[in-house]
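There are 2 protein chains.
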Amino acid sequence: MKSPMMKRLFVLLLFTNIALAADPLPSWNEGPAKQAILQLVRDTADSSNPKFVPSEQRIAAFDQDGTTWVEQPIYTQVMFALDRVKAVVEKDPTLAAVEPFKTVVSGDWAAIAKLTLPDLEKIVGATHSGMTVEQFQAMVRDWMTTAKHPRFKRSYMDLAYQPMLEVMELLRANGYKTYFVTGGGQDFVRAYSKEVYGIPVNQVVGSAGETKFAYAPDGKGVLIKQPKILLVDDKAGKPEGINLVIGQRPIITFGNSDGDRQMLEYTQGGDGARLMLLVHHDDAVREYAYGAESKIGTFSDALAAEAKQRGWIVISMKNDWNRVFAFDK
Amino acid sequence: MKSPMMKRLFVLLLFTNIALAADPLPSWNEGPAKQAILQLVRDTADSSNPKFVPSEQRIAAFDQDGTTWVEQPIYTQVMFALDRVKAVVEKDPTLAAVEPFKTVVSGDWAAIAKLTLPDLEKIVGATHSGMTVEQFQAMVRDWMTTAKHPRFKRSYMDLAYQPMLEVMELLRANGYKTYFVTGGGQDFVRAYSKEVYGIPVNQVVGSAGETKFAYAPDGKGVLIKQPKILLVDDKAGKPEGINLVIGQRPIITFGNSDGDRQMLEYTQGGDGARLMLLVHHDDAVREYAYGAESKIGTFSDALAAEAKQRGWIVISMKNDWNRVFAFDK
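Protein chains in written order, with my numbering: chain A, 1 to 329; chain B, 1001 to 1329.
As structure tokens, then:
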């Protein structure tokens, strides 16, 4: 090494590495959750370690809503669908008298919160179909640039949890592929997953509607979104979605609710090193506090008991995270 | 560069690169197919080229049967299923009197070749379900190590086309992800795709049955294969499967039959550089010669006309390939 500039660069790189090695998870407080994550990464990425995992098997799975960003007072995708209903009703005003559209346009949040799953399916059917996949995703991206969360008054994209973004970075830096395995719509999440989380479209497993191959007026082949469910990527549907898109069990999996139970069990069912974690929302000041009683992101007593029995790590948002959002001081 | 060893290494690397650059496709004869492939790779992987494609969009899709390995006299997976029928009938001898099992155990190839799609579905249902995904794949791998092709008297794994293996290597060396998009069973192809083609399990799009999450006796979560179709990844199902697993249109796509038409149209429907190719089986000496009349791998006159009209490249096995298999001289 001859030139002083090269030497300086080398020293800089060395210190950057040491800094990263010293704390790749700065938004995490010291504790069992942080230690377990760091330990798993050390064990599985080091070829001399008996728990080493070949890079092509280094799969990390993340639920999205409530695990990597805010899911209260209702899922972001439902917010999008509700806004889309307004556009649909504008085009066809007779719908304003028909449920569940009537409730949506009323703006009565208490009533909206009580919409049933079949109601939401009708809304998603009416607002998420009849266009090409690309047109739909352009619509989602447009909405994302203007929509604001009702409490935080910020873009939904700002409401990703900083500690989880750090975990994703750490895993990728150690040869892991980071996947979403979400109950949310696959085409919806793909519209922003790269920008917000660094997760490419081919690493998004989600609920999916059917698509129909057709020809645009210029003769080009397109896929038209249909109002018909192909896969509900929730509960037992999560392992099924993982097999369909990833084809192997994850090594490390993060969830936050009863909907993630089977995905964590499936992860743990594999041989060798595995780590299962659940984000627990116990921080009403910085985010929200909810659990067994919540309709959104239910964390039942049975799930808590199973986590304890099976050795899953419960992440306390209040105690394990010194920062929730990138915009927090 | 001070040390002679470093200099030698550098020269070696340089020559290796030149050698690769000189002919990364040695089993291809000079001609429009080879030139089109090399041109696409040069254009899309060079950031100074106006046709440059960012690496995360560099997706290559390959049909399997008849495109990357032999599909005559019948698909390899059907051969596997027929062998499995024997094991199933051994367990339940009453099945030997019931169609389509009766025909299969008769060993009458003319009759077996006439089995209808519903017959084959019954056979696949009986032989590809009721076990975990892992158990099924272990079964496929076992079979693959002993089964032999009736004409070539070699392992099916030896019947991959050497020119296509070279194309896959070339694409991967230039930042492409190589995907299978096959009408064959996704779980089946995943059992050997890495070993035979260098394609990892998460890059196999295929026909898929439903799976059911369940618990093994030791409490571990497993997925049990069900005798129920979720996705038929053929014809219009191929673009749908691509959207589900890959989430974006391929840049370069290889097929060989009417079943690949929509996948090629979907590829071409994207913006920028795209290349669509069809392998044509016109080499009865080294492999097989078949086309519009064949039930397996039908290459209809309408497909030939569309290829011409849309500018798709038809690869002549006889003229474009100087070697078909790795074991050829």
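Each residue gets a CB set at the ideal place from its N, CA and C atoms; glycine is no exception. Keep in mind that this is a model prediction, so the values were computed, not measured.
Whole-number beta carbon distance between residue j and residue i, since they are thought to touch under 8 Å
i	j	result
residue 282 (chain A)	residue 292 (chain A)	Not quite, the Cβ-Cβ distance comes to about 12 Å (not below 8 Å), so this is no contact.
residue 165 (chain A)	residue 215 (chain A)	Their Cβ separation, rounded to whole angstroms, is 41 Å, which puts residue 165 (chain A) and residue 215 (chain A) out of contact at 8 Å.
residue 1086 (chain B)	residue 1105 (chain B)	7 Å
residue 1336 (chain B)	residue 1060 (chain B)	Since the displayed chain B opens at 1001 and closes at 1329, residue 1336 (chain B) lies outside it and no answer follows.
residue 1058 (chain B)	residue 1238 (chain B)	About 19 Å; that fails the 8 Å criterion.
residue 1167 (chain B)	residue 1264 (chain B)	Wrong, their Cβ atoms sit about 16 Å apart, outside the cutoff.
residue 1096 (chain B)	residue 1089 (chain B)	5 Å
Cβ neighbours of residue i in the same chain (closer than 6 Å, five flanking residues each side left out)
i	result
residue 314 (chain A)	278, 280, 307
residue 328 (chain A)	none
residue 1326 (chain B)	1162
residue 1140 (chain B)	1188, 1191
residue 268 (chain A)	274, 276
residue 1119 (chain B)	1100
residue 142 (chain A)	none
residue 988 (chain B)	A query on residue 988 (chain B) cannot be resolved here, the shown segment of chain B reaching from 1001 to 1329 and no further.
residue 62 (chain A)	68, 180, 254
residue 80 (chain A)	143
residue 1245 (chain B)	1205
Close beta carbons around residue i, own chain, < 7 Å, minus the five adjacent residues each side
i	result
residue 352 (chain A)	As shown, chain A starts at 1 and ends at 329. That puts residue 352 (chain A) outside it, with no answer to give.
residue 228 (chain A)	209, 210
residue 1018 (chain B)	Per-residue confidence for residue 1018 (chain B) stands at a pLDDT of 46, beneath the threshold of 50, marking its modelled position as unreliable; no derived number is given.
residue 1241 (chain B)	1181, 1205, 1231, 1233
residue 1331 (chain B)	Here chain B comprises residues numbered 1001 to 1329, so residue 1331 (chain B) is not present and cannot be evaluated.
residue 43 (chain A)	49, 51, 273
residue 311 (chain A)	none
residue 1288 (chain B)	1072, 1281
residue 53 (chain A)	44, 251, 272, 273
residue 152 (chain A)	159
residue 129 (chain A)	209, 225, 226, 227
residue 16 (chain A)	Its pLDDT being 49, under 50, residue 16 (chain A) is placed unreliably in this model, and the coordinates cannot settle the point.
residue 1055 (chain B)	1175
residue 1148 (chain B)	1154, 1155
Chain-ordered neighbours of residue i on chain B, where CB pairs are closer than 9 Å
i	result
residue 265 (chain A)	1213, 1215, 1219, 1220, 1221
residue 240 (chain A)	1210, 1211, 1212, 1213, 1223, 1230
residue 133 (chain A)	1243, 1247
Chain-ordered chain B contacts of residue i [CB-CB under 8 Å]
i	result
residue 375 (chain A)	Look at the range of chain A in this structure, 1 to 329, and you will see that residue 375 (chain A) is not part of it.
residue 35 (chain A)	Those within 8 Å of residue 35 (chain A) in chain B number zero; the least Cβ separation is about 25 Å.
residue 236 (chain A)	1212, 1213
Partners in chain A for residue i, counting only beta-carbon separations shorter than 7 Å
i	result
residue 1190 (chain B)	247
residue 1105 (chain B)	Residues of chain A passing the Cβ test: none, with the nearest at roughly 32 Å.
Sequence-distant residues of the same chain with beta carbon closer than 8 Å to residue i, five excluded per side
i	result
residue 309 (chain A)	none
residue 1111 (chain B)	1103
residue 320 (chain A)	28, 29, 31, 33, 34, 163
residue 82 (chain A)	104, 112, 123
residue 1109 (chain B)	1073
residue 290 (chain A)	72, 281, 296, 297, 299
residue 1235 (chain B)	1258, 1259, 1261, 1262
residue 1185 (chain B)	1077, 1124, 1128, 1206, 1207, 1208, 1209
residue 1150 (chain B)	1073
Chain-ordered chain B contacts of residue i [CB-CB under 7 Å]
i	result
residue 71 (chain A)	Within 7 Å Cβ-Cβ: nothing; residue 71 (chain A) doesn't reach chain B, min ~23 Å.
Chain A contact residues for residue i, given Cβ-Cβ distances below 8 Å
i	result
residue 1262 (chain B)	213, 221
Between the segment 1202-1221 of chain B and the segment 1180-1189 of chain B, do at least 3 Cβ pairs fall closer than 8 Å?
Below 8 Å, enough C-beta pairs join the segment 1202-1221 of chain B and the segment 1180-1189 of chain B to call them touching: three or more.
Going along the segment 75-103 of chain A in order, which residues come within less than 8 Å of chain B, judged by CB to CB distance?
The residues in question: there are none.
Within 8 Å of chain B by C-beta, residues of the segment 195-208 of chain A in sequence order
Going along the segment 195-208 of chain A in chain order, one finds 200, 201, 202, 204, 208 with a Cβ nearer than 8 Å to chain B.
Listed from N- to C-terminal order along the chain, which residues in the segment 154-183 of chain A have their beta-carbon within a distance smaller than 8 Å of any beta-carbon of chain B?
Taking 8 Å as the Cβ-Cβ cut-off against chain B, the residues of the segment 154-183 of chain A that qualify are 177.
Name the residues in the segment 1244-1258 of chain B whose C-beta lies less than 8 Å from a C-beta of chain A; which are they?
Those would be 1244, 1245, 1246, 1247, 1248, in chain order.
In the segment 1037-1059 of chain B, which residues sit with their C-beta less than 7 Å from some C-beta in chain A, listed in chain order?
When CB distances to chain A are screened at a threshold of 7 Å, the residues of the segment 1037-1059 of chain B falling below it are 1056, in chain order.
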